[in-house]
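Peer 1: Take a look at this one; I'll ask things after.
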Amino acid sequence: MYKFAYLGDSIKFKCNAVGRPQPKVHWYRNGKYMNYSYLASHSRLKEKGMSLEVHRIEVSDRGNWTCRVWNKEGSVSRNYTLHIVGRLF
Numbered sequence: 001m002y003k004f005a006y007l008g009d010s011i012k013f014k015c016n017a018v019g020r021p022q023p024k025v026h027w028y029r030n031g032k033y034m035n036y037s038y039l040a041s042h043s044r045l046k047e048k049g050m051s052l053e054v055h056r057i058e059v060s061d062r063g064n065w066t067c068r069v070w071n072k073e074g075s076v077s078r079n080y081t082l083h084i085v086g087r088l089f
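Just so you know, we're using full-length UniProt numbering here: the sequence shown kicks off at 1 and counts up by one.
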């Protein structure tokens with residue numbers, strides 16, 4: 001899924017999944033796991049990790065974002081490609 005954002009704005013990525021036992025969620029950027037200290041720098045996890053809000057979008061935020069949700073029954077992933085758009089004056 002493609003997402004577009006202006007520099008300095010915020011964007012939300014959603015990873016909707018339910019299951020029993022409750023699934024765990026990991027977020028990845030350009031294929032690399034994002035630990036919580038990295039995420040805390042300019043983003044916020046909501047809805048038990050199923051939603052990721054990135055604040056103050058920078059050029060370096062462009063690229064692929066993936067959420068992986070799993071429990072003992074299986075796993076699913078959702079992929080996003082973030083494109084940064086410059087503002088027109």
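Just so you know, even glycine gets a beta-carbon here, dropped at the ideal spot from N, CA and C. Being a predicted model, the structure only gives us computed values, none of them experimental.
Give the C-beta separation of residue 59 and residue 6 to the nearest angstrom, bearing in mind that I take them to be a contact with Cβ-Cβ under 8 Å.
Peer 2: Locating residue 59 in the sequence shown gives position 59, counting from the first residue. Locating residue 6 in the sequence shown gives position 6, counting from the first residue. Actually they are not in contact, since the Cβ atoms of residue 59 and residue 6 sit about 11 Å apart, beyond 8 Å.
Peer 1: Do you know how far the Cα of residue 69 is from the Cα of residue 15?
Peer 2: Here residue 15 corresponds to residue number 15 of the sequence shown, with the count starting at 1. Here residue 69 corresponds to residue number 69 of the sequence shown, with the count starting at 1. Cα to Cα, residue 15 sits roughly 8 Å from residue 69.
Peer 1: Mind pulling the beta strand (DSSP E) runs of 3 or more residues that sit fully within the UniProt domain "Ig-like" (8–83)?
Peer 2: Correct list: 11–14, 24–29, 43–46, 51–54, 63–71.
Peer 1: Do the stretch 12–30 and the stretch 43–54 meet, that is, are 3 or more Cβ pairs less than 8 Å apart?
Peer 2: Cβ pair count under 8 Å is three or more, so yes.
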